[in-house]
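**Q**
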Amino acid sequence: MPPTWLRRIVLAPLVIVAALVMLELTPVWLLVALALTSLVPGRFRLPRLLWLVTVYLLWDAMLVIALFGMWIGSGFGYALRRPSFVAAHYRLGAWALGLLFWVLGGVLRITITTTGSDDDNRSFGREAFEALFAPGTPLVVASRHGGPGDSFILIDTLLNEVGREPRIVLKYTLQWDPAIDILLHRIPARFIVPSGFGKGRAGGGARVEEALADLAVGLDADDAFVIFPEGGQVSPSRRRARIKRLRDAGREEMAERAEAMTHVMAPQPGGMHAALDAAPDADVVFIAHTGLDRLATLRDVWRELPMDKELTMRAWRVPRSEIPDDLDGRAAWLFDWFARIDAWIDAHAALDRPLPRRSARETSPIE
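Numbering (this note's numbering), first residue to last: 28 to 394.
(1) Note down, in chain order, each residue of its chain lying with its Cβ closer than 6 Å to the Cβ of Phe160, except the 5 sequence neighbours on either side.
(2) When the Cα atoms are used, what is the spatial distance from Ser348 to Ala374?
(3) Quick check: what's the CA-CA separation for Glu157 versus Arg344?
(4) For Ser170, I'd like the list of residues in its chain whose CB is within less than 6 Å of its CB, leaving aside the five on either flank, ordered along the chain.
(5) In chain order, what residues of the same chain have a beta carbon less than 7 Å from the beta carbon of Pro215, not counting five sequence neighbours either side?
(6) Suppose you measure from the CA of Arg35 to the CA of Asp87; what does that come to, to the nearest Å?
(7) Any idea which residues DSSP pairs Met340 with across the strands?
(8) Taking only the alpha-carbon atoms, compute the straight-line gap between Ala301 and Met292 and give it to the nearest angstrom.
(9) Using the beta-carbon count (16 or more within 10 Å), is Trp129 buried or exposed?
(10) Applying the criterion that 16 or more other CB atoms from any shown protein chain within 10 Å of the CB defines a buried residue, is Phe365 buried or exposed?
(11) Secondary structure at Phe252, three-state DSSP: helix, strand or coil?
(12) Rounded to whole angstroms, what is the Cα-Cα separation between Leu127 and Gly277?
(13) Which of the three DSSP states is assigned to Ser262 in this structure?
(14) From Pro294 to His172, what does the alpha carbon distance come to, in whole angstroms?
(15) Going along the chain, which residues of its own chain have a beta-carbon closer than 7 Å to the beta-carbon of Ala106, five neighbours each way excluded?
(16) Hey, could you find the ends of the beta strand (DSSP E) Phe218 is sitting in?
(17) For Gly231, count the other beta carbons within 10 Å of its own beta carbon; 16 or more makes it buried, fewer makes it exposed. Which is it?
(18) Identify which residue in Asp204, Val167, Ala305 has its Cα closest to the Cα of Phe252.
(19) Please check the pair Asp304 and Pro346, which I expect to be a contact at CB under 8 Å, by giving their CB distance rounded to whole angstroms.
(20) Report the residue from Thr184, Ile92, Gly297, Ala60 whose alpha carbon sits nearest the alpha carbon of Leu77.
(21) Would you mind working out which of Leu85, Leu79, Asp353 sits nearest Met299, comparing C-alpha positions?
(22) Can you name the start and end residues of the alpha helix (DSSP H) that Arg153 belongs to?
(23) Measure how close the beta-carbons of Gln202 and Met340 come, nearest whole angstrom, since I'm counting them as under 8 Å.
(24) Does Trp32 pass the burial test, meaning 16 or more other C-beta atoms within 10 Å, or should it be called exposed?
(25) In terms of alpha-carbon separation, which member of Leu338, Leu124, Arg357 lies closest to Met89?
(26) Once DSSP output is grouped into helix, strand and coil, what is the label at Pro54?
(27) Could you tell me which residues DSSP pairs with Asp310 in its beta bridges?
(28) So Pro296 and Leu197 are in contact, right, with Cβ under 8 Å, and what is the actual spacing, rounded?
(29) Per DSSP, what are the beta-bridge partners of Lys271 in this structure?
Below is the structure:
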């Protein structure tokens, strides 16, 4: 990554310039895109894509400008770490994500259904999902990573639906996005370089685990430590590499279990172990979702436009008393849960279905 000072004085202004250029050229690219619509398969696929790019650039630029204003208001950075300014950044992030999904939901035609309970043997729904996140106990939220945008959807859900303040673990390359880079350096978050199991028993690597443990220290009753134990978006090549690393590390039983899971990758227990040790009072909420599974590459996203999808997000909450204390026990427990998530996804594959076609007036944003 470029150094922080270069990202601030070059990339941040550049996204504002790019947004203004795209906005100024809107009539031109819109006419060209409409003229080429007959040559591009899909329902206005090219205009939709260009509109999405324009909206995201404007959103990013708006956030950068707002964050710059907050930096000035904090005394040119002097008070940025004070609780009031951290809370203000959370509120800004919640509003920005809500706005983004409201716009994108109408263009992509996506709806989200949330369901949850603490077991698989009772009825559940949106209210039960929200109840799993009720304040009073710190949470570690462990989610599958099944498609582009699922991390955005999860953070939006935590901020705008269940009122939790997420502490976020992200891949370091997301710092190329100026708004994400600036905002998440002002709230509790860590950008990491993911790694594999290795020959030792440290999971994702000692330095990564130390960073995650540091982030999890001091979780309060409204916080949610967010982690993706798979360490990256699921892909066939990454899944095979993970299984090979397990075998090379002498973990044959885990490798066999990983081969049996078809929708998720083998979770890496080191990060979860570090977070749970650093937050001894935290319960765990596991998140599964279906609906983004076929969107692994930009080509997949292009092929699916407009997506016309209903996404289902499922949550389970595990009390602290049911979580093993040792690394080997937690590794087996984590594999058990990802096997359960895999089985749920398999059983709910039919939910990855297109929405019924509606007129433009009937199109609604993400709910």
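C-beta: ideal position from N, C-alpha, C; glycine also. All values reported here derive from a predicted model rather than from experimental measurement.
**A** The structure says:
(1) Val189, Arg191
(2) 29 Å
(3) 11 Å
(4) Cβ neighbours of Ser170 beyond the five flanking positions: Leu181, Phe255, Ile314.
(5) Arg194, Leu242
(6) 14 Å
(7) Thr141, His316
(8) 20 Å
(9) exposed
(10) Its Cβ being crowded by 16 or more others within 10 Å, Phe365 is buried.
(11) Looking at Phe252 - three-state DSSP - the assignment turns out to be strand.
(12) 45 Å
(13) coil
(14) Cα to Cα, the separation comes out at about 10 Å.
(15) The residues are Phe112.
(16) 216 to 219
(17) Here the model assigns Gly231 a pLDDT of 45, short of 50, so the residue's position is not dependable and the matter cannot be decided.
(18) Val167
(19) That pair is no contact at about 17 Å.
(20) Ala60
(21) Asp353
(22) 153 to 158
(23) Contact doesn't hold; Cβ gap of about 26 Å is too wide.
(24) Exposed: under 16 other Cβ atoms inside 10 Å.
(25) Leu124
(26) helix
(27) Partner(s): Leu166.
(28) Not really, about 19 Å apart at Cβ, beyond 8 Å.
(29) Paired residues: none, contrary to the question.
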